[in-house]
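For reference, the structure discussed in these notes is given below.
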Amino acid sequence: MKKVLAVLAIFVFALACGESYNTQEHIDKVFNVHDEVMPKMGEVMALKRQVLEKASALEEANGDSSKVAELKDIADKLETANDGMMKWMRAWQANAQPHINEETTVEERKAFLNSEMEKVEKVREDINSSIEVAKSALK
Numbered sequence: 035m036k037k038v039l040a041v042l043a044i045f046v047f048a049l050a051c052g053e054s055y056n057t058q059e060h061i062d063k064v065f066n067v068h069d070e071v072m073p074k075m076g077e078v079m080a081l082k083r084q085v086l087e088k089a090s091a092l093e094e095a096n097g098d099s100s101k102v103a104e105l106k107d108i109a110d111k112l113e114t115a116n117d118g119m120m121k122w123m124r125a126w127q128a129n130a131q132p133h134i135n136e137e138t139t140v141e142e143r144k145a146f147l148n149s150e151m152e153k154v155e156k157v158r159e160d161i162n163s164s165i166e167v168a169k170s171a172l173k
């Protein structure tokens with residue numbers, strides 16, 4: 035009987051150890067995405083300014099109104115990309131601390147960090163695509 039209990043205890047211990055979750059590793063993955071695109075924020079705002087200047091010049095010259103509208107739409111997308119990063123950072127700061135400090139369950143941390151990864155990847159996509167479109171329009 036003692037052998038059975040010892041084997042059972044080892045089995046339960048092995049299962050418990052298999053459930054480990056490296057919170058910091060997942061936080062680092064989220065911030066790797068953030069750190070990849072954060073340096074591009076200045077470029078986003080500079081491109082927005084350039085796109086709006088081009089739209090204004092075209093408007094003053096009584097140029098193609100559809101091109102002016104397209105440029106203004108691109109400027110809006112750049113602004114939306116910028117806002118997305120700012121909103122994500124504010125939300126992270128407001129909500130992440132209990133998860134960083136591991137004051138939540140493993141399941142809660144996994145759900146939170148998976149959700150944050152999806153959000154920051156969307157921010158990255160918005161930033162990169164808006165930069166690409168703006169550069170193309172300024173050629």
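For reference, each letter of the sequence shown is one residue, going 35 to 173 in my numbering. The beta carbon of each residue, even a glycine, is placed where N, CA and C say it ideally should be.
Look at Ser170 and Lys111 and say whether their C-beta atoms are less than 8 Å apart.
-> Residue numbering aside, residue 170 sits at position 136 when the sequence shown is read from its first letter. Residue numbering aside, residue 111 sits at position 77 when the sequence shown is read from its first letter. Cβ atoms of Ser170 and Lys111: not closer than 8 Å.
Straight-line Cα distance separating Ser54 from Ser100 = Taking the sequence shown and counting its residues from 1, one reaches residue 100 at position 66. Taking the sequence shown and counting its residues from 1, one reaches residue 54 at position 20. Their Cα atoms are separated by approximately 56 Å.
Which two residues bound the contiguous alpha helix (DSSP H) that contains Gly76?
-> Taking the first residue of the sequence shown as position 1, residue 76 is located at position 42. Where Gly76 is concerned, the enclosing alpha helix (DSSP H) stretches over Met75 to Glu94.
Residue span of the alpha helix (DSSP H) that contains Gly97, given as start and end | If you number the sequence shown from 1, residue 97 lands on position 63. Note, Gly97: premise wrong, no alpha helix (DSSP H); not H, not E.
Cβ pair count under 8 Å reaching 3, the stretch 153 to 164 against the stretch 115 to 122 = yes
With DSSP as the reference, label Lys121 as helix, strand or coil.
-> Locating residue 121 in the sequence shown gives position 87, counting from the first residue. Note: Lys121 maps to helix in three-state DSSP.
Could you tell me the boundaries of the alpha helix (DSSP H) in which Glu136 lies?
-> As a working note, residue 136 is residue 102 in the sequence shown. Run containing Glu136: none; DSSP gives neither H nor E here.
Secondary structure of Lys173, DSSP reduced to three states = As a position in the sequence shown, residue 173 is number 139, starting the count at 1. Note: Lys173 maps to coil in three-state DSSP.
Would you mind reading off the limits of the alpha helix (DSSP H) that contains Asn56?
-> By one-based count along the sequence shown, residue 56 stands at place 22. Here Asn56 belongs to no alpha helix (DSSP H), and DSSP marks it neither H nor E.
Helix, strand or coil at Ala168 [DSSP, three-state] = Within the sequence shown, residue 168 is the residue found at index 134, counting from 1. Three-state DSSP puts Ala168 in a helix.
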